[in-house]
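Colleague:
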């Protein structure tokens, strides 16, 4: 695969995870707004607090980051986290050895660079009888 094609795929994936996060946050806040009955109907609807994260490499260089979106104490949801990140850098010697041993990636010594992007969703409902939700996907 050409380098420009890979750069475009990375950019597209990172943007898609951001868009998916935005859609999930909007949908969960709409669910909170729609809860007009039940024991918590008089409470404020839950809203997400968004915190930007930054990652630095060993030498202080930019190594990516993401967004942490957390809702606490809503009408429907006790706690929800919808987090995205795009990180990159160079694997240290121990991580390279582990990747080579577990995944058979012999080329790690020649090129220890990595890139990853993804989304994580964990939702706990106010109703103790409703199951929790947990989802991760990444590139």
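Numbering (the numbering used here), first residue to last: 1 to 139.
Where a beta carbon is used, it is the ideal one built from N, C-alpha and C, also for glycine.
Bear in mind the structure is a predicted one, so any value in this text is a computation, not a measurement.
(1) For residue 52, which residues of its own chain have a beta-carbon under 7 angstroms away from its beta-carbon, when the five flanking residues on both sides are left out?
(2) So, at 6 angstroms on beta carbons, what are the nonlocal neighbours of residue 90 in its own chain, with the 5 sequence-adjacent residues on each side left out?
(3) Roughly how many whole angstroms lie between the Cα atoms of residue 128 and residue 77?
(4) Beta-carbon within less than 8 angstroms of residue 56's beta-carbon, same chain only, minus the 5 sequence neighbours each way: which residues are those?
(5) Do the CB positions of residue 118 and residue 17 come within less than 8 angstroms of each other?
(6) Using only the alpha-carbon positions, how far apart do residue 109 and residue 15 sit?
(7) Return the chain-ordered list of same chain residues with a C-beta closer than 7 angstroms to the C-beta of residue 20, the five sequence neighbours on each side being excluded.
(8) By DSSP's criteria, residue 84 is part of a beta bridge. Which residues make up the other side?
(9) Tell me, to the nearest whole angstrom, how far the beta carbon of residue 69 is from that of residue 50; I am working on the premise that it is less than 8 angstroms.
Modeller: Taking the structure as given:
(1) The beta carbon of residue 52 sits closer than 7 angstroms to those of 65 and 67, all from its chain and outside the five residues before and after it, given in chain order.
(2) Excluding positions up to five away in sequence, the list reads 112 and 113.
(3) Straight across, the Cα-Cα distance linking residue 128 with residue 77 is about 10 angstroms.
(4) Residues 62 and 63 of the same chain have their beta carbon placed closer than 8 angstroms to that of residue 56, with the five preceding and five following residues left out of the count.
(5) A contact, by the Cβ cut-off of 8 angstroms.
(6) The straight-line gap from Cα to Cα measures roughly 30 angstroms.
(7) Result list for residue 20: 119, in chain order.
(8) Looking at the DSSP output, residue 84 sits in a beta bridge with 67 and 119.
(9) The Cβ separation is near 5 angstroms, so the contact holds.
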